[in-house]
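Engineer: Numbering (full-length UniProt numbering), first residue to last: 1 to 248. Idealized CB from N, CA, C, for every residue including glycine. Please find one structure pasted underneath; my questions will follow.
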């Protein structure tokens with residue numbers, strides 16, 4: 001089982017806690033209680049593999065920006081959440097995303113853009129098209145509109161981030177694959193001095209694998225026997241020649 005830490009980021013009051021609790025517990029939080037830091041765990045199966053997810057629900061207020069940096073450093077995937085009823089919350093995500101990319105020192109960070117409170121159509125001030133436009137500006141980051149109240153697209157946003165993390169890990173393994181795969185193959189045979197204690201055969205440096213030892217065990221007695229027979233034959237020939245000379 002793989003452990004992944006996901007971080008939910010966004011301005012205060014956009015529904016980060018509601019999304020997280022709905023995903024983890026299947027419960028909608030009706031009352032607003034400003035979050036400083038809440039951590040949740042959930043095990044779930046994605047693409048026939050089980051993952052243990054740690055989800056960090058972060059504070060949306062400015063005085064906790066120092067703590068936010070610590071969350072970003074430890075996180076593997078990020079949900080950037082705004083409310084479709086609050087234009088300022090979308091604008092704040094621009095700086096938040098830049099902070100994530102800077103701290104992670106990468107332009108390819110597993111991330112989704114989430115427009116929450118999509119059920120409040122009467123209060124909407126940000127259109128779906130504006131969310132799509134922001135996604136395109138960010139390099140086509142996956143974009144979803146969600147409703148924690150109706151549990152609409154709640155599971156999907158978390159699953160999407162996990163799949164991005166998996167794809168990133170697979171790309172890293174693929175890029176490093178040919179060389180490392182070749183080395184592992186030689187280690188498994190036990191015929192290289194580079195095999196370590198954690199190799200499948202548990203060989204230390206300088207040891208021979210079982211195949212090499214087996215060959216050595218067979219070859220040495222055989223060589224010794226042939227050598228002994230060769231010496232005996234030579235001695236018999238010499239004795240015979242000496243005996244013939246005496247008769248003459």
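Please confirm if the region 97-115 is in contact with the region 70-83, defined as three or more CB-CB distances below 8 angstroms between the two stretches.
Structural biologist: Short answer: they touch.
Engineer: Provide the residue(s) that pair with residue 107 in DSSP beta bridges, ordered along the chain.
Structural biologist: Along the chain shown, read from residue 1 onward, the residue named residue 107 stands at position 107. DSSP lists no partner for residue 107.
Engineer: Determine the extent of the alpha helix (DSSP H) in which residue 20 is found, giving its start and end residues.
Structural biologist: By 1-based counting over the chain shown, the position of residue 20 is 20. First-last of the alpha helix (DSSP H) with residue 20: 16-25.
Engineer: Output needed for residue 88: all residues of its chain with C-beta closer than 8 angstroms, excluding positions within five of it in sequence on either side, in chain order.
Structural biologist: The residue you call residue 88 lines up with position 88 of the chain shown. Result list for residue 88: 11, in chain order.
Engineer: Is there at least one Cβ from chain D nearer than 8 angstroms to residue 156's Cβ?
Structural biologist: This model lacks chain D altogether; it includes just one protein chain.
Engineer: Does the beta-carbon distance from residue 56 to residue 7 come in below 8 angstroms?
Structural biologist: In the chain shown, the residue the question calls residue 56 occupies position 56. In the chain shown, the residue the question calls residue 7 occupies position 7. Contact flag set, yes.
Engineer: Tell me, please, which residues DSSP counts as bridged to residue 126.
Structural biologist: Taking the chain shown and counting its residues from 1, the one referred to as residue 126 is at position 126. In the DSSP output, where bridge partners are listed per residue, residue 126 has none listed.
Engineer: Would you tell me roughly how many angstroms separate the C-alpha atoms of residue 28 and residue 75, rounded to the nearest one?
Structural biologist: Sequence index remark: in the chain shown, residue 28 carries index 28 (1-based). Sequence index remark: in the chain shown, residue 75 carries index 75 (1-based). Each residue's alpha carbon lies about 25 angstroms from the other.
Engineer: Can you tell which of 175, 72, 16 has its C-alpha closest to the C-alpha of residue 157?
Structural biologist: Walking along the chain shown from the start, residue 157 turns up at place 157. Among 175, 72, 16, the Cα nearest to that of residue 157 belongs to 16.
Engineer: With burial defined as no fewer than 16 other Cβ atoms inside 10 Å of the residue's Cβ, what is the status of residue 164: buried or exposed?
Structural biologist: In the chain shown, residue 164 corresponds to position 164, counting from 1. Classification for residue 164: buried.
Engineer: CA-CA distance, residue 128 and residue 99?
Structural biologist: Within the chain shown, the letter at position 128 stands for residue 128. Within the chain shown, the letter at position 99 stands for residue 99. So the two alpha carbons sit approximately 25 angstroms from each other.
Engineer: Expressed to the nearest angstrom, what Euclidean distance is found between the alpha-carbon atoms of residue 125 and residue 162?
Structural biologist: Residue 125 sits at position 125 when you count from the first residue of the chain shown. Residue 162 sits at position 162 when you count from the first residue of the chain shown. Cα to Cα, the separation comes out at about 30 angstroms.
Engineer: Short check: CB of residue 138 to CB of residue 102, under 8 angstroms?
Structural biologist: To locate residue 138, count along the chain shown from 1; it is residue 138. To locate residue 102, count along the chain shown from 1; it is residue 102. No, the Cβ-Cβ distance between residue 138 and residue 102 is not below 8 angstroms.
Engineer: DSSP three-state label for residue 73, please.
Structural biologist: Counting from 1 along the chain shown, the entry for residue 73 is found at position 73. Three-state DSSP puts residue 73 in a helix.
Engineer: What are the boundary residues of the alpha helix (DSSP H) that residue 1 is part of?
Structural biologist: Along the chain shown, read from residue 1 onward, the residue named residue 1 stands at position 1. Where residue 1 is concerned, there is no enclosing alpha helix (DSSP H), given that its DSSP letter is neither H nor E.
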